[in-house]
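In the numbering used here, the protein residues as written are 16 to 305. One structure below.
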């Protein structure tokens, strides 16, 4: 039976376009500006991720922008007009104002269409952590969940999607105010690599540090060993900022400790990559808590 509601998310989830198309998900594009040109969003220019990271490594300083209420309304309204409800799985409110734009749009549209429902779930997730969250909800929906059942499942699930990552260069985190200038300077000088996660409020938090790249990647797997509650069919997601060699090392560590697992690998998109930088490696999985 065809479901009477539509799933909506945004490109903060870093899933491939084919995934959204395959599962009938409306994806709101976020974007960035660079040298006076707008990329992404609805109607902006496009840029390959590989090219984006080349520019970033060369010193480019892009600036991201969130989805606006008007943009979100343009995505939602056609479904409500057609008699369908909407369930939004939003990029973390701790990292972007996009979730608030969904809420503002939902409030206005529900006044215009009082017989329709629009539910907004703040995923508190980012990158393929949000992608993993979306995928779990998609599976619930495909199993026949009503919009309320899917919403309630998503609200319970989001506190169990673990995000752990490390960066190769602290500059972009410093630029975004995620670490102090002194921390960035000392870290770069001593080759200290931070270990970070996304907390229960959807904020990016530093939780440790390691001496050197391989130790910081190994620390991600240590965190996974402490927290994971993976069943046989639970996937592991990895995203990266143009550093596939480091991803392969991370996969080897996971397989050595946990055996054969379904591991999905994707690139960190330009919006999140603006803030995390080239060389970021991120690990996502379902756990006891974040």
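Cβ coordinates follow ideal geometry from the N, Cα and C atoms, glycine included. In this text the structure is predicted, and so the values were computed from the model without any measurement.
- Taking C-beta separations shorter than 8 Å and ignoring five residues to either side along the sequence, the partners of residue 32 in its chain run 42, following chain order.
- Linking residue 131 to residue 190 through their CA atoms gives a straight-line distance of about 42 Å.
- Rounded to the nearest angstrom, the gap between the Cα atoms of residue 90 and residue 49 is 25 Å.
- Selection 161, 289, 107 evaluated against residue 19 yields 161 as nearest (Cα-Cα).
- Ranked by Cα distance from residue 262, the first of 23, 112, 231, 243 is 231.
- Counting C-beta atoms within 10 angstroms of its own C-beta, residue 24 has 16 or more neighbours from the protein chains shown and is therefore classed as buried.
- The alpha-carbon of residue 150 is positioned some 21 Å away from that of residue 94.
- Uninterrupted beta strand (DSSP E) stretches at least 3 residues long and entirely within the segment 34-81 occur at 41-43, 46-49, 52-55, 78-80, given in chain order.
- In this structure the segment 117-125 does not lie against the segment 215-224, because fewer than three pairs of beta carbons, one per stretch, are closer than 8 Å.
- Distance check between residue 182 and each of 75, 254, 127 places 254 closest, using alpha-carbon atoms only.
- Ranked by how close their Cα comes to the Cα of residue 276, the residues 282, 268, 128 have 268 in first place.
- Inside the segment 77-115, DSSP marks whole beta strand (DSSP E) runs of 3 or more residues at positions 78-80, 100-105, from first to last along the chain.
- Look at residue 137 here: in three-state DSSP terms it is strand.
- C-alpha of residue 208 to C-alpha of residue 92: approximately 45 Å in a straight line.
- In this structure, residue 22 and residue 124 do not form a Cβ contact; the two beta carbons are roughly 16 Å apart against a cut-off of 8 Å.
- Look at residue 283 here: in three-state DSSP terms it is coil, with no helix or strand label.
- About 6 Å separates the beta carbon of residue 180 from that of residue 296, a gap short enough to meet the 8 Å contact definition.
- Under the three-state reduction of DSSP, residue 122 is assigned to helix.
- Distances from the CA of residue 212 to each of 58, 60, 53, 107 were compared; the closest alpha carbon is that of 107.
- Around the beta-carbon of residue 178, 16 or more other beta-carbon atoms lie within 10 Å, marking it buried.
- When DSSP reads this structure, residue 303 sits in no beta bridge, so it has no partner.
- In this structure residue 51 is exposed. Its beta-carbon is surrounded by fewer than 16 other beta-carbon atoms within 10 angstroms.
- Taking 8 Å as the cut-off, the beta carbon of residue 47 is found closer than this to the beta carbon of residue 289.
- A direct Cα-to-Cα measurement between residue 282 and residue 62 gives close to 14 Å.
- Here residue 25 is bridged, per DSSP, to 43.
- Judged by DSSP secondary structure, residue 210 falls within the beta strand (DSSP E) whose first and last residues are 207-213.
- One thing to note: residue 143 has its Cβ no nearer than 8 Å to the Cβ of residue 173.
- The C-beta of residue 76 has fewer than 16 other C-beta atoms within 10 Å across all chains shown, which makes the residue exposed.
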